[in-house]
Every structure is written in C-alpha cells, then in structure tokens.
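A.B. asks:
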Amino acid sequence: MRRIPIEYAKEGDVLGRTLYNNMGGMLLKEGSRLNQSIINKLKIYGCFNIYIKDRYTEEVIEEIIKPETMNRIHSLQENLKGIIRNSTNGEKIDTKGVNKNVRDINEIIEEIVYDVIFSKNILEDLVNISIYDDYTLNHSINVMMLATVIARDNGFNMSDIKKLAVGCIFHDIGKTFIPIEIINKPSKLTKEEFEYIKTHTEKGYEFLINYTDLPVVSSNIALCHHEREDGLGYPRKLKGNEIHKFSKIASICDVFDALTSDRSYRRAAPIHEAMEYLLAAGGTQFSVDIIKSFSQSINIFPKDTLVYLSDGREGIVCEVNHEFHTRPKVKIYGENGKEVSPYIVDLMNTSNIVVDKVLHIFSFDQNK
Ligand SMILES: [Fe+2]
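Everything in the sequence shown is counted per our numbering, starting at 1182 for the first residue and increasing by one.
(1) For ligand 1, is there a heavy atom less than 7 Å away from the beta-carbon of His-1352?
(2) Mapping the DSSP letters down to three states, classify Phe-1358 as helix, strand or coil.
(3) Using the Cα positions of Thr-1199 and Val-1511, report the straight-line distance between them to the nearest angstrom.
(4) Tell me whether His-1503 counts as near ligand 1, meaning its Cβ is closer than 7 Å to at least one heavy atom of that ligand.
(5) Considering Cα atoms alone, identify which of Gly-1515, His-1406, Val-1324 and Ala-1403 is closest to Ser-1438.
(6) Return helix, strand or coil for Tyr-1386, following the three-state DSSP convention.
(7) Who pairs with Lys-1512 in a beta bridge, going by DSSP?
(8) Comparing the CB of His-1425 with every heavy atom of ligand 1, is any distance shorter than 7 Å?
(9) Just to confirm before moving on: does the CB-CB distance between Ile-1265 and Phe-1358 stay below 8 Å?
(10) So Arg-1183 is in the beta strand (DSSP E); what residue range does that whole segment cover?
(11) Spell out a yes or no on whether the region 1327–1342 and the region 1424–1434 are touching, meaning 3 or more CB-CB pairs, one atom from each, closer than 8 Å.
(12) Can you name, in chain order, every residue of its own chain whose Cβ lies under 6 Å from the Cβ of Val-1436, other than the five neighbours on each side?
(13) What three-state label does DSSP hand Gln-1547 in the structure shown?
(14) Would Ile-1225 be called buried (16 or more neighbouring beta carbons within 10 Å of its own) or exposed?
(15) Please go through the same chain and pick out, in chain order, the residues whose beta-carbon is closer than 7 Å to the beta-carbon of Tyr-1392, but skip the five residues on each side of it.
(16) Please say whether Asn-1401 and Val-1347 have beta carbons closer to each other than 8 Å?
(17) In the structure shown, what three-state DSSP assignment does Glu-1408 receive?
(18) From the DSSP secondary-structure annotation, give me the bridge partner or partners of Gly-1463.
(19) At what residues does the beta strand (DSSP E) containing Asp-1537 begin and finish?
(20) For Arg-1214, which three-state DSSP category applies?
(21) Only counting the same chain, and skipping five residues up and downstream in sequence, which positions put a Cβ closer than 7 Å to that of Asp-1341?
(22) Mind checking which residues open and close the beta strand (DSSP E) that includes Ile-1424?
(23) For Lys-1344, collect the residues of the same chain with a Cβ closer than 6 Å to its Cβ; drop the 5 residues on either side in sequence, then sort them by chain order.
(24) Hey, Leu-1419 and Cys-1434: beta-carbon distance below 8 Å or not?
(25) How far does the beta strand (DSSP E) with Glu-1246 in it extend, from its first residue to its last?
(26) DSSP state of Ile-1363, grouped into three classes?
(27) Pull up the distance between the alpha-carbon of Gly-1421 and that of Leu-1460, whole angstroms please.
(28) Tell me where the beta strand (DSSP E) around Leu-1209 begins and ends.
(29) Compare the C-alpha of Met-1456 against each of Thr-1441, Gly-1518 and Gln-1466 and name the closest.
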C-alpha cells in the first residue's frame, strides 16, 4: 500500500485505506476499485492524496491513530471551538464546557502518547497519519505526534512528554478567535490581516491560562510557537534561551508539518525537501540541536516510497536504514526507463549512488 496524489490515481486502482470526510463520515471504503467517475468525484471533494494497493507494495500500513479516535478528538475540538466562537459573539465563555472538553482531549492524548512511545514502528509512516482532508485537525495532531517523538528521542520524562503533547494539540487554538474568512482567505493577506492573525498566539494563551487547568508550560506553547531563535518571530520577539524548549520543539514540528501537508494553494513538499529547509534554517530560526535530533528521528524515505536513483534506476524503498536515512535498501524495478526483473540494491554499499528524487509513478508505468 502506498500514498499517491489523486492525479496519479488510475482506473482499476484499489483503495488501500478508507476515506473519510471532515465530519468523520465514510466517503469510500478500503478495497473499492476506482474508476474515472469516482476519481473525479474525489478530486471535486478535495481529496489530495489516497492510499492504493498495487503490485509493488504488499504491506498494510497500520493506522497510528484509529479513525474512531480521530473522530472523537475531532468532535471534542469542534465543541471547544463552538464555545469559543459563541464567546466572540458576546456570549460568556462556558468554563465548565471548556474544561470538560479539554480534559477529555487530554485523556485521549495521553493514550496516544503511550502508543507513540512504546511503538517501534511509529516513525515508518509518521508523516502519513492523516485520514481527513482537514488541515486544521490533522495539523494539530501531526504536530503533537512529531513533538512526542522528538521528546521521546531526547529522553524527556513521561510527565514532560504529556505536557508538551497536550500543549501542541492546542497550539493554534487562538485562531478560533479570528474570523474564519481571514484564516481561510485564499488570496494574499493584507498587512493588517496578517497582524491580526498573529494575535492568535496571545489570544490562545490567554484562553488556555484563564479557562483551562492545563500546565503553564503547555499553554505557553500557544504563546511562543512562532518565536524564532534570531528574535524575528512573534509576538514578543524572544531570542534563543528566552524561548522555552517545548515551544522550540513545537515550532519545528509546526513548520515541518505545514511544509509536508497539502494546502488549497500549494502541494505538500516531499519529506526530504522539508527537512533540507529546516536544516538550512537551523541556527537562525530554529534550535540547531533540536533540528539535528529531529532529522535523526524522522525517516525521510519511508518504506514504500518510490525513488529515482542518481544512476537512472527506479525502485521502491523496501527497508529503511535507521542509522543513515538517506541510504535505504531499494527494490529496483526499472533501469533507464525500462522495466526489469526486480532485485534489491543496498544504498549503504553503493556510496556513489544516491536517491535523486521521489516519484509517484515509475516512468515505465506511466502510459499503462
Ligand atoms: Fe500558529
């Protein structure tokens, strides 16, 4: 099973993972065979990526978070946002309702944190957890998962990991206070609108501090996740050690997930490109130490990625290299545009050959 952009879907492809709409309702069941009319409908519906089963990949990608759990988090977050939106219309904030939803979300997050910490394979497909085409929902969960992995790999204790994770889930809660027309504006924001959006940091922090029992370090992530090492972030232009480590981690995960997610105005960057961007920005915008550990934690060429090698061969990653992520084992299916009998090459033993780019379809398969 592998993930492909919808425009690479063909008649006859078999759906590898059930698709859900934003409300958690099922759109198309796993195992369904696609035809052109279904593909067109999925495009209209805004599905950017789907999982397909094909002849190159056999393994089932396990869902890190079960759809039921995603649905539950989704509805709790919606409840919370509903309360906030009502308050922007002049209603008094329902503190009891806020706390009930926050506590329930916290409980679910704690369970997910345990799963992430004790699962060995969690990194194989961490970037592909989304089952919804709902950026906001996926984003807060992705940031939480990525941050948990960084914390785990940096030896944080369980109590700190939980505080970090729950802070990440609510890092952008302040956006609920900003009118949706500005948040979702498809055209370029005016200077005033951008300044207004920036206030989501303070608005989110004040909300979490005043209306929830979350630890201050968790709420602080909402305030500081746009601060940058060089002092050019916002809202307070903090520098280096003035920024709490939790917020530094959240900011890296926030940017990484934004780069590797599809948005209405641009397509997701491949993992290795997003990582290169972060490595280049490390030091000026982000903590070098955290970026380094992040690059070791995240697998840039996960299993089942189609790759084009620098010597003209094409294949699929069949075994990741946990120590040197850029040097996986690749099952070769094509040489110079022609299909060949599959064989495995270990990039660890071929220092002159590197992964040149990530593909969505093999060149020899293109016109089939
Ligand atoms: Fe933000």
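Using N, Cα and C, we set each Cβ at its ideal position, and we do this for glycine too.
Bear in mind that the values here come from a model prediction, so they are computed numbers and not experimental data.
C.D. replies: Walking through what the data contain:
(1) Stepping through the sequence shown from its first residue, residue 1352 is reached at position 171. For ligand 1, at least one heavy atom lies less than 7 Å from the Cβ of His-1352.
(2) The residue you call residue 1358 lines up with position 177 of the sequence shown. In the structure shown, the three-state DSSP call for Phe-1358 is helix.
(3) Position 18 of the sequence shown, counted from the start, is the residue given in the question as residue 1199. Position 330 of the sequence shown, counted from the start, is the residue given in the question as residue 1511. Their backbone Cα atoms lie some 28 Å apart in a straight line.
(4) As a first step, residue 1503 must be located in the sequence shown, where it is residue number 322. No, since every heavy atom of ligand 1 falls outside the 7 Å radius drawn around the Cβ of His-1503.
(5) Within the sequence shown, numbered from 1, the residue matching residue 1438 stands at position 257. Checking the sequence shown, residue 1438 turns out to be Asp, not Ser. For Asp-1438, the closest of Gly-1515, His-1406, Val-1324 and Ala-1403 by C-alpha to C-alpha distance is Val-1324.
(6) Locating residue 1386 in the sequence shown gives position 205, counting from the first residue. In this structure, Tyr-1386 counts as helix in the three-state DSSP scheme.
(7) One-based indexing of the sequence shown puts residue 1512 at position 331. Its beta-bridge partners are Ile-1497 and Ile-1525.
(8) Counting from 1 along the sequence shown, the entry for residue 1425 is found at position 244. At a cut-off of 7 Å, the beta-carbon of His-1425 does not count as near ligand 1: no heavy atom of the ligand is closer than that.
(9) The count along the sequence shown starts at 1 and reaches residue 1265 at position 84. The count along the sequence shown starts at 1 and reaches residue 1358 at position 177. Cβ distance < 8 Å, so Ile-1265 and Phe-1358 count as in contact.
(10) Within the sequence shown, residue 1183 is the residue found at index 2, counting from 1. Arg-1183 -> beta strand (DSSP E) spans 1183–1186.
(11) yes
(12) As a first step, residue 1436 must be located in the sequence shown, where it is residue number 255. So no residue of the chain qualifies.
(13) Locating residue 1547 in the sequence shown gives position 366, counting from the first residue. In this structure, DSSP gives Gln-1547 a state outside helix and strand, which the three-state scheme calls coil.
(14) As a first step, residue 1225 is located in the sequence shown; it is residue number 44 there, counting from the start. Under this definition Ile-1225 is an exposed residue.
(15) What you label residue 1392 is simply residue 211 of the sequence shown in a count that begins at 1. Ile-1274, Thr-1276 and Val-1279, listed in sequence order.
(16) Along the sequence shown, one-based indexing puts residue 1347 at 166. Along the sequence shown, one-based indexing puts residue 1401 at 220. Against a cut-off of 8 Å, the Cβ pair of Asn-1401 and Val-1347 comes out as no contact.
(17) For this step, residue 1408 is matched to residue 227 along the sequence shown. Three-state result, Glu-1408: coil.
(18) Within the sequence shown, numbered from 1, the residue matching residue 1463 stands at position 282. Answer is Phe-1467.
(19) Your numbering for residue 1537 matches position 356 in the sequence shown. Counting along the chain, the beta strand (DSSP E) containing Asp-1537 begins and ends at 1536–1540.
(20) Locating residue 1214 in the sequence shown gives position 33, where the first residue counts as 1. Three-state DSSP puts Arg-1214 in a strand.
(21) Locating residue 1341 in the sequence shown gives position 160, where the first residue counts as 1. Within the same chain, Asp-1341 has close Cβ partners Ala-1332.
(22) Start at 1 with the first residue of the sequence shown, and residue 1424 comes out as number 243. From DSSP, Ile-1424 is part of no beta strand (DSSP E); its letter is neither H nor E.
(23) Locating residue 1344 in the sequence shown gives position 163, counting from the first residue. The answer, listed in chain order, is Pro-1396, Val-1398 and Ser-1399.
(24) In the sequence shown, the residue the question calls residue 1419 occupies position 238. In the sequence shown, the residue the question calls residue 1434 occupies position 253. Contact: no.
(25) As a first step, residue 1246 is located in the sequence shown; it is residue number 65 there, counting from the start. One point to set straight first is that residue 1246 is Ile, not Glu, in the sequence displayed. First-last for Ile-1246: undefined, no H or E at that position.
(26) As a first step, residue 1363 is located in the sequence shown; it is residue number 182 there, counting from the start. Three-state result, Ile-1363: helix.
(27) Working through the sequence shown from its first residue, we reach residue 1421 at position 240. Working through the sequence shown from its first residue, we reach residue 1460 at position 279. Taking the straight line from one Cα to the other gives about 17 Å.
(28) As a first step, residue 1209 is located in the sequence shown; it is residue number 28 there, counting from the start. Residues 1207–1209.
(29) In the sequence shown, counting from the first residue as 1, residue 1456 sits at position 275. Comparing Cα positions, the closest option is Thr-1441.
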